[in-house]
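Numbering (the numbering used here), first residue to last: 905 to 969. Heads up, the beta-carbon is just placed ideally off N, CA and C, and yes, glycines get one too.
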């Protein structure tokens with residue numbers, strides 16, 4: 905990620921750098937989300953759950969698994 909950005913953005917929930925992980929098809933970058941816990945990049949797919957759910961991470965993909 906540092907070849908694109910000068911520094912890793914800070915996760916607004918943990919205060920630490922966003923989490924970067926390589927995948928077979930590319931990579932994911934994610935925040936721990938409102939529960940403050942690294943759930944391994946697990947995401948909520950339904951928008952209503954995103955607004956109400958506190959158990960998942962916020963995930964950005966490059967490629968899809």
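Buried versus exposed call for residue i [16 or more other C-beta atoms within 10 Å across all chains shown]
| i | result |
| --- | --- |
| residue 940 | exposed |
| residue 945 | buried |
| residue 932 | buried |
| residue 937 | buried |
Residue i - DSSP class collapsed to helix/strand/coil
| i | result |
| --- | --- |
| residue 944 | coil |
Sub-7 Å separation of residue i and residue j beta-carbons
| i | j | result |
| --- | --- | --- |
| residue 922 | residue 913 | yes |
| residue 924 | residue 961 | no |
Residue from the options whose Cα sits closest to the Cα of residue i
| i | options | result |
| --- | --- | --- |
| residue 920 | 911, 932, 946 | 911 |
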